[in-house]
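Peer 1: A single structure is presented below for examination.
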Amino acid sequence: MSIQQPRTASNGDIKPDSSNLAVLIDGDNVSSKHVSGLMAEIANYGTASVRRIYGDWTTPGLGAWKSCLLKHSITPIQQFAYTTGKNATDGAMIIDAMDLMYTGRFSGFCIVSSDSDFTRLATRIREQGLTVYGFGERKTNYAFIAACDKFTYFDVLPVDPSEEPTASRPPQQGYRPAAARPQMTPRPLDQVALNALEEAISNSISYAGGYANLAEVGHLLSRKSANLNARNYGYPNLTAFVEASRLADFRIQDMGNRPPITLVRLKDHVMGDV
């Protein structure tokens, strides 16, 4: 495997594409089993024109990643662990992220790590007016989650069995197993989610009868908290998430020549408590 050093353009006059993304993966803190689901999810947000993973590739810990790199066109960046107890990978990722940000080529960054050391980086990128998508485990410190525009947990992404970090085995000719969709078990909405949803519906009312556009409700929820979305609670979509709350009634609004939209309003007993 050829290890490449990062190369960054320096033309600050280049206008960022509306969907041009840089994906930076912390190889020390991310399992290779998540890569297929991760890249499929990122494709929903734009084009991952830069894809890099950082770590010390001389160590056995990153061995499982090596078979995934060509398949997903991810460039490995070598960072030696010079001192025990110090994470040199974090520093390399941060430096590269800043270099990429100043090229002006990107509209967003995907930071793939459960390490809260990237909190300040995410904040700085957002200050530049760019979108930050975070990906990590449930144990991720909330400070990092809050610094992202959207944060997705690994356990809601599909897993490709062929990319599980197991002992090396020869691939079967022509065999490409499909990524398996995780069995999402919906979690009951906690009080934080219920309060946020109630507030989002109340603040989105723009139709007669106290109705709000469901899409606008979802937008307000994501702005309120980066990890407050249907998938992170195990629901396939926003409609199922709102239905599970038992806070709202639904209505389909005909829009003439345009596609119909879904409206929601708080149930009467909820309105009485507002």
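Residue numbers in the sequence shown follow full-length UniProt numbering, run continuously in steps of one, and reach 274 at the last position.
Built from N, CA and C at the ideal position, the CB exists for glycine as well.
As the structure is a prediction and not an experimental result, all values here were calculated from the model.
Are the segment 73–81 and the segment 43–61 touching, with three or more C-beta to C-beta distances below 8 Å?
Peer 2: Yes: the two stretches touch, three or more of their Cβ pairs being nearer than 8 Å.
Peer 1: Let me check one thing: in DSSP terms, what residues is VAL35 bridge-paired to?
Peer 2: As a position in the sequence shown, residue 35 is number 35, starting the count at 1. DSSP output for VAL35 lists no bridge partner at all.
Peer 1: Using the rule of at least 16 other Cβ atoms within 10 Å of the residue's Cβ for burial, across every protein chain shown, is VAL159 buried or exposed?
Peer 2: Within the sequence shown, numbered from 1, the residue matching residue 159 stands at position 159. Classification of VAL159: buried, given that the 10 Å Cβ count is 16 or more.
Peer 1: Suppose you measure from the CA of ALA248 to the CA of VAL242; what does that come to, to the nearest Å?
Peer 2: By 1-based counting over the sequence shown, the position of residue 248 is 248. By 1-based counting over the sequence shown, the position of residue 242 is 242. Each residue's alpha carbon lies about 7 Å from the other.
Peer 1: Got a sec? Which residues, its chain only, sit under 8 Å from ALA196 by beta carbon, not counting five neighbours each side?
Peer 2: Numbered from 1 along the sequence shown, position 196 holds the residue referred to as residue 196. So the qualifying residues of the chain are LEU221, LYS224, SER225, LEU228.
Peer 1: Select from PRO236, ALA212, LYS267 the residue whose C-alpha is nearest the C-alpha of GLN253.
Peer 2: Here the question's residue 253 lines up with position 253 in the sequence shown. Answer by Cα proximity: ALA212.
Peer 1: Unbroken alpha helix (DSSP H) runs of length 4 or more, entirely within the segment 21–66: which are they?
Peer 2: Entirely contained in the segment 21–66, the alpha helix (DSSP H) runs reaching 4 residues are, in chain order, 35–42.
Peer 1: CB-CB under 7 Å to SER19, same chain, minus the five flanking residues each way: which ones, in chain order?
Peer 2: Locating residue 19 in the sequence shown gives position 19, counting from the first residue. GLY46, THR47, SER107, listed in sequence order.
Peer 1: When you compare each of VAL264, ASN44, SER67, VAL50 to SER31 by their alpha carbons, which one comes out closest?
Peer 2: Against the sequence shown, residue 31 aligns to sequence position 31. Looking at the Cα atoms, SER67 is the closest of the given residues.
Peer 1: Mind reading off the beta-carbon distance from TYR142 to CYS110? Whole number of angstroms is fine, and I expect it under 8 Å.
Peer 2: Numbered from its first residue, the sequence shown carries residue 142 at position 142. Numbered from its first residue, the sequence shown carries residue 110 at position 110. Contact doesn't hold; Cβ gap of about 19 Å is too wide.
Peer 1: Roughly how many angstroms separate the alpha carbons of LEU100 and ALA22, rounded to a whole number?
Peer 2: Taking the sequence shown and counting its residues from 1, the one referred to as residue 100 is at position 100. Taking the sequence shown and counting its residues from 1, the one referred to as residue 22 is at position 22. Distance between the alpha carbons of LEU100 and ALA22: 8 Å.
Peer 1: Confirm, please, whether the CB-CB distance from GLY27 to LEU62 is below 8 Å.
Peer 2: Looking up residue 62 in the sequence shown gives position 62. Looking up residue 27 in the sequence shown gives position 27. Result yes, Cβ atoms of LEU62 and GLY27 sit closer than 8 Å.
Peer 1: Please specify which runs of the alpha helix (DSSP H), each continuous and at least 4 residues long, are wholly inside the UniProt domain "HTH OST-type" (189–268), giving them in chain order.
Peer 2: Complete alpha helix (DSSP H) runs here, min 4: 191–203, 214–224, 238–245.
Peer 1: Alpha carbon to alpha carbon, how far is ARG251 from THR262? Give it in angstroms, no decimals.
Peer 2: Here residue 262 corresponds to residue number 262 of the sequence shown, with the count starting at 1. Here residue 251 corresponds to residue number 251 of the sequence shown, with the count starting at 1. Each residue's alpha carbon lies about 6 Å from the other.
Peer 1: So for LYS71, helix, strand or coil by DSSP?
Peer 2: Along the sequence shown, one-based indexing puts residue 71 at 71. Correct three-state label for LYS71: helix.
Peer 1: If you count every other CB in all the chains shown that lies within 10 Å of the CB of THR140, and 16 or more means buried, which is it?
Peer 2: Locating residue 140 in the sequence shown gives position 140, where the first residue counts as 1. By the neighbour-count rule (16 or more Cβ atoms within 10 Å), THR140 is buried.
Peer 1: Might you give, ordered along the chain, the residues of its own chain that have their beta carbon closer than 6 Å to the beta carbon of PRO49, omitting 5 neighbours on each side?
Peer 2: Walking along the sequence shown from the start, residue 49 turns up at place 49. It is Ser, not Pro, that sits at residue 49 in the sequence shown. Cβ neighbours of SER49 beyond the five flanking positions: ASN20.
Peer 1: Closest to CYS148 by C-alpha separation, out of THR119, VAL156, LEU157, would be which residue?
Peer 2: As a working mapping, residue 148 is identified with position 148 in the sequence shown. Cα-wise, what sits closest to CYS148 is THR119.
Peer 1: How many Å lie between TYR153 and ALA215 at the Cα?
Peer 2: As a working mapping, residue 153 is identified with position 153 in the sequence shown. As a working mapping, residue 215 is identified with position 215 in the sequence shown. When rounded, the distance between both Cα atoms is 22 Å.
Peer 1: Quick one: give me the first and last residue of the alpha helix (DSSP H) that GLY104 is part of.
Peer 2: Taking the first residue of the sequence shown as 1, we reach residue 104 at position 104. It is not in any alpha helix (DSSP H) - GLY104 carries neither H nor E in the DSSP assignment.
Peer 1: Pull up the DSSP beta-bridge partners for GLY134, would you.
Peer 2: Counting from 1 along the sequence shown, the entry for residue 134 is found at position 134. In the DSSP output, where bridge partners are listed per residue, GLY134 has ILE111, PHE151.
Peer 1: Leaving out five residues before and five after PRO186 in sequence, what residues of the same chain have Cβ atoms less than 6 Å from its Cβ?
Peer 2: Sequence index remark: in the sequence shown, residue 186 carries index 186 (1-based). Answer for PRO186: GLY234, TYR235, listed in chain order.
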